[in-house]
Amino acid sequence: MYRLDGRLVLSPTDLTRHQECTHLTALDLAVADGRLQPPAEGVSDQTVLVADLGIAHELRYLESLEEQGLTVARLHGRSEAATVEAMRAGVDVVHQATLFDGTWGGQADFLLRTPAPSDLGRWSYEVADAKLARRVTVPALLQMATYADRLATLQGRAPERVCVVTGDGESRPWRLVDVAAYARRARTRLEGFVVDVPATGPVPVAHCDRCTWQPRCAAELRAGDDLSLVAGMRRDQRTALLAAGVATLEQLADATDDVLGATGIGRATRERLREQAREQLRGRVAGAPTRTLLSPQPAQGLLRLPEPSPGDLYLDFEGDPLSGDGRGLEYLAGLGDRAGRFTALWAHDAAEERRMVAELVDRVVAGWREDPGMHVYHYAAYEVSALKRLTGRYGVREAELDQLLRAERFVDLLPVVRQSMRISTQSYSIKKVEACYGRAHTGDVADAMSSVVEYEKWLVDRDPGRLQAIEDYNRDDVDSTRELHDWLENQRAELAASHGPLPRPTVAELAVPAPRSDAEVAEQALVERLHDAGHPLLGDLVQWHRREARPGWWEFFSRGELEDEQLVEDRTALGGLSSGVEVGTEKRSKLYAFTFPPQDTKLSVGSKAFDVDTRARIGEVREIDAVAGRLVVKSTRPPAASRGLGPEGPLDDKPLRESIAATADDVLAGRPCLGRALLDRVVPADTRRLPGEEAGDAVVRLGLALDGQVLAVQGPPGSGKTRAASRLIRALLDAGKKVGVTATSHAVIGNVLSAVGRPALQKCEEHQACGAPGVDWSKDAAEVAARLLDGSASLVGGTAWFWCRPDLAEAVDVLVVDEAGQFSLANALAVARSARSLVLLGDPQQLAQPTQAVHPGDSGLSALEHLLEGHPTVPEDRGVFLDRTYRMHPRLTAFVSDLAYEGRLESASGRERIAVDGWASGLAVRFVEHTRASAAASSEEAAAVAELWRSLQGVGWVDAAGERSGIGPDDVLVVAPYNDQVARIRGLLPDGARVGTVDRFQGQEAPVVVYSMTSSSADDAPRGVEFLYDLHRLNVAVSRAKALAVVVMGEQLLDAAVRTPEQLRQVNALCRLVEMATVVDGDQQALGRERDRGSRRSGQPGVPPTW
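Okay, structure coming up:
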């Protein structure tokens, strides 16, 4: 930003900086106004070099356009008037186009002509920018969205796309609608900020490490003894403490139990924070690092350290998380040994990364073979996470890594430190902990972010000195990890001296690397034959189930590394457990009840519960309510006190693996099979609808004609997917065909069988049966198979395990896979052996396929995603898209259609009648002020939701048929992302209110949906932007509504700092929702105005937004 004739001129760079930190903007504005000197750091030689290389890249692209014979107007340094003149002349390319409205200004590298008509004539322009980076970045997209907004004004038409020409020469288009709303809001927010600058101060954020103002802000925080200096202090905890009058580290150290109790922070957490503040205060007074050892707890802290061994290794990765369009690249793995020897393994592209991870695992396995007592030490979970990700991504050394993990060869020293002591450093990062064992880092590369920056610079200038500096930094980290290990052993000895002998971890059953089983050897040989024969996808699918099961076992063994708070936040385990209380008996066992804070978990009735630390089996789950926070287990003995419980490992997948292997044998032998047709995307010859044909009629027509093909049917919310399936199945049965139904759950299968309304047989347990008239059930798979084969049953439903039976090969004419957007391609391949033709019915744009592992290539896709081949909606020549929703009012459909369905989804006739008295049909938003930062629960939002719910009861509404009725408890769905918030809301509403998470309500509907976003900001959201703003979850939540979807939220969620294009797309969707919504005040009265920024700011409906 700068002043021009007294007027402040803003740039897209100012925009991205403001999204990261408002205090940064206040400082930059003070510089622009001459009230403050800029940071001493000036323009570096590297900045100049990068700028020069960027210009060269831009000119190369310009020359390539001219070589294509396109007409080019070169306007470097000329005014916006010259840009408009060139556009009106209709040139193919405008280079260095000035765009400036008096506040926002810059030069777009290129305006590219398109055939879309505009005020200019039968053409218009789109923005393209050349960027040296080899990926699309958020700043580039915001920059182009800013240019595109001005371009829309100049040509009277908003461009559909913007395009980044990356450093590798690739043109990467981006839908403007996927960035425009976020960019508009960000610009408006910045414009308002600079006009009336509020008081700001330094608050640590992720951007601090890359900010030139960081030294100044850090000094201010130290001078003010800010709470953010307390190690492990979260933003929401800081806010809660400030609200309780605790403003400094010293005040926290001296705070009484009553004062801390008033913060609302959990007891264990607030006591930990106070003890941490006291330790840091001790270190401050002592003028040197201090530490206090905690009392030993079973299987925690220093008791996690195995016996040291001469073959111990130390591992550290350097990775760029944004490389490869966000896929990431681990460019260096450093491995050290007890003697201080160091090996650097480099990788600069995907092929080298594949070789690097294979060599690294081979070195570790060889070390284990030579020394059965060895372990690999690392600090924090990144190294093991990277190994899991890379072995899965490339399909290499997966079995070897699995053995290493199950044998617990990796030891994370971070939980050892955190669970065993309090240290006086401001952070528990290894660079801070080093002060305790007398080590200090030196070198040009100072931290992990500096390593990434240096590597990005190397990609530009290829200076070998940069790689050497990174390698020196990595070696320093490896050496530091070894010294930390030695220091921790000394601390362990000191603890033993005061508490007596301390046990070491139990030696794993697998003491040395074991040879692969005969089945694994045969499987690997099959994979290699498939790859050699040109069937790589099938080869990757052969090992899909082994790969998918491994994380479940890894998680089982690693849950003990989680802190108490992390156990509560973990979506699998249960944390914060009370002691078990005997509540009854069952045969020779007793029943024990536990309470816990509301949370997400994968424990369910019938599953076995295991202690997260000792891994001892506690008992079998008989009752569980994750919202109410109650668990009952059956056990023969009283359960010991436990920090947390988790489920056992994955289900037996052998039948599925055997079925896929049989298909692989068929393919290699050249025998025709349905599995090959699925992989090759063999669809009916012409899936286009006939003139005047409805989509459901097309499904029946194409389904009846199937003969060895695969029919994809994509059914968006409310489009009658189940109705279409039931019609097709009845037609097939009437034609004398046998039909099978499968899905990921018995409930979904039962729903389809019920809708068909014909005699059917379901393979399931009694409590899983749908109970519909005419639908029998049996838990005996052999009995169900026999009835299908002898013809006494023509319609059978069962999960993938049933349809993999060898005796069911081609047992049905057509197998219908429901919810195929969540059904893995591997499972679809496994069940395909049971049928002659396949129907994949589902919607990948709703809740995604649940998967645990990273899989190579496209083997991790769902069955329907595979058929769609990257398209958001099924192409006309690939299957049937059910393009009418019979549920939603057109205003709801418009949002959902643009969000997920490329604008192809429309409301069926009559849906415009759907209305709730006193409300504008469609989207509404109720902003709630969060007086304290909220993460997984918000009392303010819960109260607002309860108010809304009560205000809607008894209100009249009209359905699509024009019939009027009153809204009751069944007519309002209340949705929240977390069980903790579900519990808060449920506690404020009467019994019978429909309250749950998005997952619970998929497939359901109601006249009104109220969706509580819960978290105060993206920084507060458990599991981050990717979960809270997930487009699939937003789609499902909004599309449950017939007339009205009210989103209850803190407005700060719209201003999230985004760091990847996908995060930008996600937050932009919420911004777009708010633009399209009616704003509702605190009394739940519609304000009667659309939140359309274009109309509001231009003063005229339909006029493009200006800036």
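Counting with this note's numbering, you get residues 146 to 1252 for the letters of the sequence shown. For glycine and all other residues, C-beta sits at the position ideal for the given N, C-alpha and C.
What are the start and end residues of the alpha helix (DSSP H) that includes residue i?
{"i": "C1216", "result": "P1206 to M1221"}
{"i": "R692", "result": "W689 to S703"}
{"i": "H644", "result": "P609 to H644"}
{"i": "W1094", "result": "S1084 to L1097"}
{"i": "S871", "result": "K866 to D879"}
{"i": "W1064", "result": "Run containing W1064: none; DSSP gives neither H nor E here."}
{"i": "C362", "result": "Q359 to A368"}
Would residue i and residue j be called neighbours here (beta carbons separated by less than 7 Å)?
{"i": "A363", "j": "V310", "result": "no"}
{"i": "E599", "j": "R611", "result": "yes"}
{"i": "E543", "j": "R692", "result": "yes"}
{"i": "V541", "j": "A585", "result": "no"}
{"i": "A694", "j": "R704", "result": "no"}
{"i": "V1258", "j": "A231", "result": "Summary: the structure shown does not reach residue 1258, with the chain confined to residues 146 through 1252, and so no result is reported for it."}
{"i": "A1039", "j": "A1188", "result": "no"}
{"i": "T437", "j": "G428", "result": "no"}
{"i": "A413", "j": "D756", "result": "no"}
{"i": "L906", "j": "V929", "result": "yes"}
{"i": "F741", "j": "G721", "result": "yes"}
{"i": "G966", "j": "L1009", "result": "yes"}
{"i": "P1001", "j": "D685", "result": "yes"}
{"i": "A870", "j": "L1044", "result": "no"}
CA-CA distance, residue i and residue j?
{"i": "R162", "j": "A368", "result": "25 Å"}
{"i": "Q1229", "j": "A591", "result": "Caution is warranted here: a pLDDT of 46 is assigned to Q1229, below 50, making its placement in the model unreliable, and no coordinate value can be reported."}
{"i": "G1005", "j": "L174", "result": "48 Å"}
{"i": "A325", "j": "Q1211", "result": "12 Å"}
{"i": "S263", "j": "S269", "result": "6 Å"}
{"i": "A234", "j": "R302", "result": "17 Å"}
{"i": "G895", "j": "K924", "result": "14 Å"}
{"i": "E955", "j": "A809", "result": "16 Å"}
{"i": "D758", "j": "Q445", "result": "7 Å"}
{"i": "P304", "j": "A293", "result": "7 Å"}
{"i": "P696", "j": "Q997", "result": "6 Å"}
{"i": "H1011", "j": "W946", "result": "21 Å"}
{"i": "W698", "j": "T536", "result": "16 Å"}
{"i": "L387", "j": "E395", "result": "13 Å"}
{"i": "D624", "j": "E553", "result": "22 Å"}
{"i": "H1177", "j": "E964", "result": "14 Å"}
{"i": "E452", "j": "L480", "result": "20 Å"}
{"i": "T298", "j": "A1080", "result": "40 Å"}
{"i": "A725", "j": "R767", "result": "A small fix is needed here, since residue 725 is Gly in this sequence, not Ala. Approximately 14 Å between the Cα atoms of the pair."}
{"i": "L813", "j": "V976", "result": "19 Å"}
{"i": "D770", "j": "G406", "result": "27 Å"}
For the beta strand (DSSP E) that residue i lies in, which residues bound it at each end?
{"i": "I769", "result": "R762 to D770"}
{"i": "M566", "result": "M566 to I568"}
{"i": "A888", "result": "No beta strand (DSSP E) contains A888, which DSSP labels as neither H nor E."}
{"i": "Q907", "result": "A905 to K908"}
{"i": "G479", "result": "L474 to D482"}
{"i": "A388", "result": "From DSSP, A388 is part of no beta strand (DSSP E) but of the alpha helix (DSSP H) over R380 to A388."}
Assuming residue i and residue j form a contact by the criterion Cβ under 8 Å, report the distance between their Cβ atoms to the nearest whole angstrom.
{"i": "T393", "j": "L372", "result": "7 Å"}
{"i": "Q1149", "j": "L1118", "result": "7 Å"}
{"i": "C308", "j": "A253", "result": "The pair is not a contact, with the Cβ atoms about 11 Å apart (cut-off 8 Å)."}
{"i": "Q991", "j": "P862", "result": "7 Å"}
{"i": "L647", "j": "P441", "result": "6 Å"}
{"i": "T291", "j": "R332", "result": "7 Å"}
Taking 6 Å as the cut-off, is the beta-carbon of residue i closer than that to any non-hydrogen atom of the ligand SAM?
{"i": "E1207", "result": "In the structure shown, the ligand SAM is absent, as is every other ligand, since no ligand is present at all."}
The segment 1057-1074 touching the segment 1132-1144, judged by at least three CB pairs closer than 8 Å | Contact fails: fewer than three Cβ-Cβ distances are below 8 Å.
So does the segment 1177-1188 actually touch the segment 1030-1037, counting three or more Cβ pairs closer than 8 Å?
-> Three or more Cβ pairs drawn from the segment 1177-1188 and the segment 1030-1037 lie within less than 8 Å of each other, which places the two stretches in contact.
Meets three-Cβ-pair contact criterion under 8 Å: the segment 1143-1160 and the segment 1194-1205 | yes
Between the segment 617-632 and the segment 481-492, do three or more beta carbon pairs fall short of 8 Å?
-> As far as the Cβ criterion goes, the segment 617-632 touches the segment 481-492, which means the pair count is three or higher.
Between the segment 515-522 and the segment 673-681, are three or more C-beta pairs nearer than 8 Å?
-> By the Cβ criterion, the segment 515-522 is not in contact with the segment 673-681, since fewer than three pairs of Cβ atoms, one from each stretch, lie closer than 8 Å.
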